[in-house]
């Protein structure tokens with residue numbers, strides 16, 4: 527997995543993506559192994575953080591837009607649209623406080 531070094535100009539993107547406890551739970555789940563959207567929803571529900579499908583997609587999208595998670599593969603479901611399987615895209619973020627060094 528990759529490590530990403532960010533400067534002060536990029537920190538806002540990560541702060542927006544990581545401000546929510548639900549997103550930290552998603553990261554925690556994916557730290558162990560990739561998981562399908564439905565599996566993430568089930569785990570959140572078991573942890574007392576059940577959320578609707580549109581809200582879950584909103585959180586997944588925010589983490590994906592920040593480059594923290596990515597789609598690992600698509601799983602075929604019985605006749606429906608394939609389901610996304612998510613994984614961490616990076617395992618470490620380093621904040622560089624001084625530019626140019």
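Numbering (the working numbering), first residue to last: 527 to 627. Heads up, the beta-carbon is just placed ideally off N, CA and C, and yes, glycines get one too. Keep in mind that this is a model prediction, so the values were computed, not measured.
Taking each of 589, 598, 607, 602 in turn and checking the Cα distance to residue 541, the smallest one comes out for 589. The stretch 589–615 contains, as complete beta strand (DSSP E) runs of 3+ residues, the segments 595–601, 609–614 (chain order). Every alpha helix (DSSP H) stretch that sits fully inside the stretch 532–599 and reaches 4 residues is listed by chain position as 537–544, 547–558, 563–572, 579–591. Between residue 551 and residue 573, the CB-CB gap stays under 8 Å. A distance below 6 Å between beta-carbons, with the five flanking residues on each side excluded, links residue 597 to the following residues of its chain, in chain order: 610.
CA-CA distance, residue 554 to residue 587, rounds to 16 Å.
Separation of the CB atoms of residue 557 and residue 549 is rounded to 13 Å, and the pair is thereby denied contact status at 8 Å. Under the three-state reduction of DSSP, residue 624 is assigned to coil, being neither helix nor strand. The Cβ atoms of residue 562 and residue 579 do not sit closer than 8 Å to each other.
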